[in-house]
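84 is the number that the numbering used here gives to position 78 of the sequence shown; each next residue is one higher, with no gaps. Every residue, glycine too, gets a C-beta built ideally from N, C-alpha and C.
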Amino acid sequence: MRVFLRLHVLDRVAIGLLAVGLLCLATGLLPTASAGDAMSRIAPLLAFLGTVIVLAELTSKAEVFDVVAARVARAGRGSYAALFLLCVAFASVTTITLNLDTTAVLLTPVMLALASRVGIAPVPLAMTTVWLANTASLLLPVSNLTNLLAADRVALSPLGLASRMWAPQLAAIAVTMVCLWLFYWRRGKRAGAGGDIGIEGALLEPGASAAGPGAARADAVRAGNAGGTGDTGDVRGAGNADRYRPPEVHRPADPVLFRACGLACAGFLIAILADVELWVASATAAAVAVAAFAVRRRSTLRLSLVPWRLLVMVPGMFLVVETVNVNGLHDLLASAVGHDGGLLGLFRAAAVGGGLSNVLNNLPVYLAGEAAVPVGNHDQLLALLIGTNVGPVVTPWASLATLLWYERCHAYGVRVPVARLMGTGAVLAVAAVLASVVALTLTA
7 MRVFLRLHVL DRVAIGLLAV GLLCLATGLL PTASAGDAMS RIAPLLAFLG TVIVLAELTS
67 KAEVFDVVAA RVARAGRGSY AALFLLCVAF ASVTTITLNL DTTAVLLTPV MLALASRVGI
127 APVPLAMTTV WLANTASLLL PVSNLTNLLA ADRVALSPLG LASRMWAPQL AAIAVTMVCL
187 WLFYWRRGKR AGAGGDIGIE GALLEPGASA AGPGAARADA VRAGNAGGTG DTGDVRGAGN
247 ADRYRPPEVH RPADPVLFRA CGLACAGFLI AILADVELWV ASATAAAVAV AAFAVRRRST
307 LRLSLVPWRL LVMVPGMFLV VETVNVNGLH DLLASAVGHD GGLLGLFRAA AVGGGLSNVL
367 NNLPVYLAGE AAVPVGNHDQ LLALLIGTNV GPVVTPWASL ATLLWYERCH AYGVRVPVAR
427 LMGTGAVLAV AAVLASVVAL TLTA
């Protein structure tokens, strides 16, 4: 019991979810067939999660993200407004073309490394990543795993889906930009109270500066916030709160590891574009990174690189949701969604998808909600997709992308207070879902 209590709260949640799921299976509340179907559907997902986190950890240690962050900061030419637009475009394009989980895993470290290079609080950059990882995931089948789950029922080609979802996607991104600027990026918000270059709302994990993958990043952020120059150049332009001093070019300590991990990431992205299965692409790229570290820096390869928390939490979550689904959730969802294929029916489907995703998780919620939508109501199904894609920005467990983002922030010694995450996320969820559904209706 003492060991259990000493675990991180999310570790306890993960173990608890798996225990409850297995108990439901053992007591017969969850039929064996239903559990088998759920596990077979998420097996490739678990393989992807496990290998892509290892890839991200090793790529971070090879300083690939630091190099990319420095280049993004230099491209902004010292303007916070230009940097904001660059970050929004970067996150949106990555999500649309490469999958929201890729954004959460590979782009979050870039954004957090960028914070220390331009003297900005890490929270605005972190929130840009996690919000756009969700709200920019409507356009293509590859953009979100829910889109792939919906492929058969929606019966639209990638071009066909894009032709129906381009307007909702633009609406969601536009609302996200407004919320990001108001809540996190405008002057006085991006740099902490009183305009100081502080870690606004961000808490360093206990002991982050002493050890662990977040140590160097946490120290770098503190150094930048203290106004130090060093080799990062992360200080503001003198006397101008709207500008920062672009950093110097970052040069990695081990060019061989840098190139190997950079090529592994590039190969991963190319494989996704070539429609290779996500887990195959991530496993191959992770194997390349592991091989490079085995040759150059073997001591880095430890079991702690594997995201055990997620690998325990995800099966437990699916087992629990599947138990609820077979014991009455379907009837409740069918009643809540209704049969109206008009605007009201679209709003109801989107609200159910977004609301329930923040209670449970968007992947199992979409699967349950899909069965509740009448077969002929294609726009209502797309509205459900909007709810489950754009809406899960309130709770940390609402989407796997948010969980992956949390893991990356935790590794870098940064986290956002849950109250602020949920409060601002609720505003974004309501506004973005409403705007996207209206856009879907207007372009029908």
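Item                                                                                                                                   : Value
Beta-carbon spacing of T394, G360 below 8 angstroms                                                                                    : yes
Between the CA atoms of M323 and A20 - distance to the nearest angstrom                                                                : 8 angstroms
Unbroken alpha helix (DSSP H) run spanning Y190, endpoints                                                                             : Element bounds for Y190: n/a, residue is neither H nor E.
Under 8 angstroms between C-beta atoms of A68 and F274                                                                                 : no
Cβ-Cβ distance between A340 and A389 below 8 angstroms                                                                                 : no
Boundaries of the alpha helix (DSSP H) in which R18 is found, first to last residue                                                    : V15 to T33
Three-way DSSP call (helix, strand, coil) for R249 in this model                                                                       : strand
Contacts around L36, its chain only, beta-carbon distance under 8 angstroms, and the 5 residues preceding and following it disregarded : G27, C30, L325, E328, T329 and V332
Rounded C-alpha distance that separates L92 from A272                                                                                  : 20 angstroms
Nearest-angstrom beta carbon gap, P174 and A450 [assumed within contact, 8 angstroms]                                                  : The Cβ separation is near 11 angstroms, so there is no contact.
Cα-Cα separation between S169 and I278, rounded to whole angstroms                                                                     : 21 angstroms
Option in L427, E413 and V439 with minimal Cα separation from L112                                                                     : E413
Local conformation of S163 per DSSP, three classes                                                                                     : coil
With 16 other Cβ atoms within 10 Å as the buried cut-off, status of L118                                                               : buried
C-alpha gap between G245 and M183, whole angstroms                                                                                     : Because the pLDDT at G245 is just 42, under 50, the model does not fix this residue reliably, and the value given afterwards should be weighed accordingly. The straight-line gap from Cα to Cα measures roughly 27 angstroms.
Beta carbon of D72 nearer than 8 angstroms to that of L410                                                                             : no
For N364 and P313, believed in contact at Cβ under 8 angstroms, the rounded distance                                                   : With 8 angstroms as the limit, P313 and N364 do not qualify as a contact, their Cβ atoms being about 22 angstroms apart.
A221 versus P253 - alpha carbon distance                                                                                               : Note on A221: pLDDT 43, under 50, position unreliable in the model; no value is reported.
Separation of V439 from V424, as counted between CA atoms                                                                              : 21 angstroms
C-alpha gap between N150 and G348, whole angstroms                                                                                     : 25 angstroms
Other residues of its chain near P130: CB distance less than 6 angstroms, five sequence neighbours each side excluded                  : Y190, W191 and R196
Assigned exposure category for R304 - 16 Cβ within 10 Å defines buried                                                                 : exposed
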